[in-house]
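A.B. asks:
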Amino acid sequence: MSAKPRLLVTRRLTEAVQARAARDYDATFNEADRVFSPTELIERCQEVDAVLPCHSEIFDASVIGALPERLKIIANHSVGVDHVDLAAASARGIVVTNTPDVLSDATAEIAILCMLGAARRASEGDRMVREGRWAHWSPSFMVGRQITGRRFGVVGLGRVGRVTALRARGFGMEVHYHNRRRLSPEQEMGAVFHETLEDLLGVSDVLSLHCPATPATTGMIDAAALARLPEGAILVNTARGNLVDEVALADALRSGHLFAAGLDVYRDEPGGNPALFELENVFLLPHIGSATGETRDAMGNRALHNLDAFFAGRAPADRVS
Ligand code: 8YV
Numbered sequence: 004m005s006a007k008p009r010l011l012v013t014r015r016l017t018e019a020v021q022a023r024a025a026r027d028y029d030a031t032f033n034e035a036d037r038v039f040s041p042t043e044l045i046e047r048c049q050e051v052d053a054v055l056p057c058h059s060e061i062f063d064a065s066v067i068g069a070l071p072e073r074l075k076i077i078a079n080h081s082v083g084v085d086h087v088d089l090a091a092a093s094a095r096g097i098v099v100t101n102t103p104d105v106l107s108d109a110t111a112e113i114a115i116l117c118m119l120g121a122a123r124r125a126s127e128g129d130r131m132v133r134e135g136r137w138a139h140w141s142p143s144f145m146v147g148r149q150i151t152g153r154r155f156g157v158v159g160l161g162r163v164g165r166v167t168a169l170r171a172r173g174f175g176m177e178v179h180y181h182n183r184r185r186l187s188p189e190q191e192m193g194a195v196f197h198e199t200l201e202d203l204l205g206v207s208d209v210l211s212l213h214c215p216a217t218p219a220t221t222g223m224i225d226a227a228a229l230a231r232l233p234e235g236a237i238l239v240n241t242a243r244g245n246l247v248d249e250v251a252l253a254d255a256l257r258s259g260h261l262f263a264a265g266l267d268v269y270r271d272e273p274g275g276n277p278a279l280f281e282l283e284n285v286f287l288l289p290h291i292g293s294a295t296g297e298t299r300d301a302m303g304n305r306a307l308h309n310l311d312a313f314f315a316g317r318a319p320a321d322r323v324s
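Residues 4 to 324, numbered by the numbering used here, are exactly what the sequence shown covers, in order.
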């Protein structure tokens with residue numbers, strides 16, 4: 004029997020996933036769950052045939068250029084792959100996979116939480132009660148925005164976008180979307196297609212971002228885009244921080260043009276943007292879109308499934324490059 008492939012798992016994953024990885028691979032784990040520096044990441048990859056990273060490990064061209072010949076696959080534990088330079092990986096003949104589908108429900112739940120948290124001033128209310136500042140009540144106290152029956156604009160009606168749109172429809176929201184290409188009627192599920200982002204912005208009482216971060220989408224929600232949103236709109240971002248110009252967002256929140264924003268992702272992670280912390284009308288979460296036990300198990304299993312296929316000589320189902 005040939006030796007098991009050597010695998011580096013860069014972050015601590017669920018017990019079930021690590022047990023499966025230990026059973027089927029000659030696996031090295033990161034029990035301390037420390038984020039490796041680029042130098043450490045390169046060092047730890049030297050003796051392995053495969054790596055199973057999270058979005059916290061950046062495989063840019065310089066890291067990929069320093070990977071050993073024997074390393075043939077980067078099996079990501081994430082749907083987003085913007086932390087991997089796909090062109091550099093493909094030039095080196097390294098296969099890259101992701102974990103689509105399995106995190107759509109969990110991420111859609113967080114998008115709805117961000118929408119409601121922003122619309123109904125959840126952070127502000129929570130802080131007030133918790134800090135003992137709730138000394139007053141009146142009919143005009145903490146009045147928020149009702150989202151029922153409003154227009155829900157989706158940028159990127161892909162897997163996560165579609166589940167989120169279905170959930171939004173549960174609130175009687177009318178779904179609009181913009182994609183590079185119009186979807187089939189079955190995939191659209193009655194959502195109204197807008198050929199341009201500009202058109203979508205104009206009709207979005209709530210705008211929810213679900214597209215990948217690419218050079219083309221970086222900074223797409225800038226000052227001009229925010230200005231196109233209807234007065235009192237709400238921005239929800241559970242995709243990637245760099246889709247949004249956070250300086251412009253803070254301005255739009257400060258001026259009141261946007262009623263609020265609900266964010267799970269930031270340009271700088273971990274940490275977020277201190278300019279946003281000062282504003283009452285933002286609901287902020289620390290990138291936990293897919294953070295449920297079920298989904299973490301499913302993501303780990305999906306990554307291992309891709310590795311199993313690759314080492315069995317088959318095409319991994321979720322190959323992105
Ligand atoms: C994950 C994510 O928590 O899958 C993604 O792209 O952003 C998150 O859901 C993270 O990437 C895990 O590596």
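All residues carry an ideal CB built from backbone N, CA and C; glycine is no exception. This one's a predicted model, so the numbers in the text were calculated from it and none came from an experiment.
Starting from valine 12, trace the beta strand (DSSP E) both ways and give me its first and last residue.
C.D. replies: Unbroken beta strand (DSSP E) run through valine 12: 9-12.
A.B. asks: Under 7 Å Cβ to Cβ from serine 65, same chain only, skipping five residues before and after it: list those, please.
C.D. replies: Excluding sequence neighbours, serine 65 sits near nothing in its chain.
A.B. asks: Answer yes if the segment 139-157 comes into contact with the segment 167-180, meaning at least three C-beta pairs across the two stretches below 8 Å, and no otherwise.
C.D. replies: Touching, per the Cβ criterion.
A.B. asks: What does DSSP give as the partner residue(s) for phenylalanine 286 in the beta ladder?
C.D. replies: Answer by DSSP bridge pairing, in chain order: Gly265.
A.B. asks: Skipping 5 residues on each side, what residues in its chain have a beta carbon closer than 6 Å to that of alanine 226?
C.D. replies: Ala251.
A.B. asks: Under 6 Å from any heavy atom of ligand 1, by CB: list those residues in chain order, please.
C.D. replies: Matched residues: Cys57, His58, His80, Ser81, Val82, Gly83, Leu106, Gly292 and Ser293.
A.B. asks: Can you say whether histidine 139 is buried or exposed, counting buried as having 16 or more other CB atoms within 10 angstroms of its CB?
C.D. replies: Exposed is the call here.
A.B. asks: Which of the three DSSP states is assigned to leucine 106 in this structure?
C.D. replies: Residue state, collapsed to three classes: coil.
A.B. asks: Ordered along the chain, which non-local residues of its own chain (more than five positions away) have a Cβ less than 7 Å from that of histidine 58?
C.D. replies: Once the five neighbours on either side are set aside, the close Cβ partners of histidine 58 are Ser81, Gly83 and His86.
A.B. asks: Quick one: give me the first and last residue of the alpha helix (DSSP H) that threonine 17 is part of.
C.D. replies: That residue, threonine 17, is in no alpha helix (DSSP H); it is neither H nor E in DSSP.
A.B. asks: In its own chain, which residues sit with a C-beta less than 7 Å from the C-beta of alanine 122, not counting the 5 before and 5 after it?
C.D. replies: Only Gly147, Arg148, Ile150, Ile237 and Ala263 meet the Cβ criterion.
A.B. asks: With a Cβ-Cβ cutoff of 9 Å, do asparagine 182 and leucine 210 count as a contact?
C.D. replies: No, the pair does not count as a contact, with Cβ atoms beyond the cut-off.
A.B. asks: Just mark arginine 130 as buried or exposed, buried being the case when its beta carbon has 16 or more other beta carbons within 10 Å.
C.D. replies: Label assigned to arginine 130: exposed.
A.B. asks: Is the segment 29-42 in contact with the segment 8-15, if contact means three or more CB pairs nearer than 8 Å?
C.D. replies: Taking 8 Å as the limit for Cβ pairs, the verdict is that the segment 8-15 does touch the segment 29-42.
A.B. asks: Scan the segment 119-163 and note each continuous alpha helix (DSSP H) run of 4 residues or more that stays entirely inside, going in chain order.
C.D. replies: Runs of the alpha helix (DSSP H) inside the segment 119-163: 125-133.
A.B. asks: Going by Cα to Cα distance, which pick from Asn101, Asp208, Glu18 and Leu16 is closest to serine 324?
C.D. replies: The option with the nearest alpha carbon to serine 324 is Asn101.
A.B. asks: In terms of residue numbering, what span does the alpha helix (DSSP H) encompassing aspartate 254 cover?
C.D. replies: Where aspartate 254 is concerned, the enclosing alpha helix (DSSP H) stretches over 249-258.
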